[in-house]
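Below is one structure; the comments refer to it alone.
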Amino acid sequence: MNNSIEEKDLINVIIHLISSSRLIIDEPKEYSPMRLFSAAKYLCRLLENTDDQNTKLIVNKIIELDPIISRDLFNKPKELKLCLDDLSIFITKNLREFDE
Amino acid sequence: MNETIKHILTRQSCREFIKKRISNKTIETLFDCAKKAPRSQGNEFIEFYFIRNKKIVEQISWFCPGMEEVPELIVILGIKQKRIDVSESYYHYLELGASLQNILLSASSLGIGSVPVGSSNFVGIHSLLGLSKGISLKILISLGYPSNNRKIKVNLSQYNKTRSYNFL
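Taken in sequence, the protein lines are chains A and B.
Numbering-wise (my numbering), the first sequence opens with residue 238 and increments by one.
Numbering-wise (my numbering), the second sequence opens with residue 241 and increments by one.
As structure tokens, then:
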């Protein structure tokens with residue numbers, strides 16, 4: 238666990254989530270996955286300096302995928318589903334190794 | 241090609257910026273251009289906020305889920321609510337739009353990238369900046385010198401579809 242994470246960093250991510258939550262009411266529903274993924278990316282940035290290799294793999298993968306999710310796969314639900322499914326598998330595989 | 245037409249036809253949204261300060265003189269020019277948008281009846285109901293303070297810009301960015309990168313400069317256009325409450329006219333929105341476009345195009349002509357950020361939590365930003373209750377924020381613009389990391393291919397076919405007019 239990275240000990241350098243400050244409360245204000247987490248509050249900023251909370252502001253992002255609350256703002257997203259408010260804005261999605263009026264925005265196209267296609268924006269929703271992108272907004273949630275961005276929040277995941279911001280949390281990952283806080284974990285970038287982790288010493289744990291498994292966490293690092295997950296974090297880097299999510300940061301790397303963010304521009305793809307928000308640009309290339311925007312409004313492409315089929316491809317987006319596949320991408321998020323693959324990511325879920327990637328994360329769980331690393332979590333399993335983590336448990337072992 | 242005429243320079244003005246060139247900027248109208250070639251400007252596109254820019255969301256990635258380099259770390260280069262936008263000078264006071266440039267900001268004044270952007271403000272002058274924003275003010276020069278056509279106004280009806282001389283009504284001064286548009287408020288302009290130019291925010292360059294890094295700490296405030298970064299804080300605002302968290303209220304803007306649609307903002308991908310923290311820009312060098314944020315411009316927010318607001319309307320004095322009291323002035324428009326008494327009128328059913330929609331002119332103030334047209335005028336605000338003209339000011340917005342003047343900022344975007346003048347920025348483009350100065351080599352500055354920009355993007356209007358529609359996904360902005362204006363209630364949160366209003367509170368953060370401690371603005372008076374009479375001001376209603378309407379649109380936020382991210383500005384900065386563009387990064388060349390990303391080359392965007394503009395698909396002009398979408399514009400061609402909407403290009404219809406009657407020549408009488």
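Glycine included, each C-beta is placed from N, C-alpha and C at the ideal position.
Computed from a prediction, not measured in an experiment: that's the story for all the values here.
In the three-state DSSP reduction, K373 of chain B falls in the coil class, being neither helix nor strand. If the five residues before and after K330 of chain A are omitted, its C-beta is found closer than 8 angstroms to no C-beta atom of its own chain. Residue burial is scored here from C-beta neighbours: E285 of chain A has fewer than 16 other C-beta atoms within 10 angstroms and is therefore classed as exposed.
Separation of E316 of chain A and P304 of chain A (C-alpha to C-alpha, rounded to the nearest whole angstrom) is 14 angstroms. Taken atom to atom, the span from the alpha-carbon of L313 of chain B to that of N293 of chain B is near 8 angstroms. If you look at L350 of chain B, you'll find it isn't in any beta strand (DSSP E); DSSP assigns it neither H nor E. Looking from the CA of E268 of chain B, the closest CA among B:V315, B:S329 and B:M241 belongs to B:V315. Residues of the segment 262-291 of chain A with a C-beta atom less than 9 angstroms from some C-beta of chain B are E264, Y268, M271, R272, S275, A276 and Y279, listed in chain order. With a 10 Å radius around the Cβ and a threshold of 16 neighbouring Cβ atoms, E244 of chain A comes out exposed.
Taking C-alpha positions only, G384 of chain B is separated from S376 of chain B by approximately 25 angstroms. With 16 or more other CB atoms across the displayed protein chains lying within 10 angstroms of its CB, K278 of chain A is buried.
Taking a contact to require three or more Cβ pairs closer than 8 angstroms, the segment 343-363 of chain B and the segment 258-270 of chain A qualify as touching.
DSSP places V296 of chain A within a helical segment (H, G or I) once states are collapsed to three.
Membership of L408 of chain B in any alpha helix (DSSP H) is not indicated, and neither H nor E is assigned to it by DSSP. Contact check for E256 of chain B against G318 of chain B fails: the beta carbons are separated by 9 angstroms or more. Comparing alpha carbon positions, the residue from B:P386, B:P305, B:K295 and B:L350 closest to L369 of chain B is B:K295.
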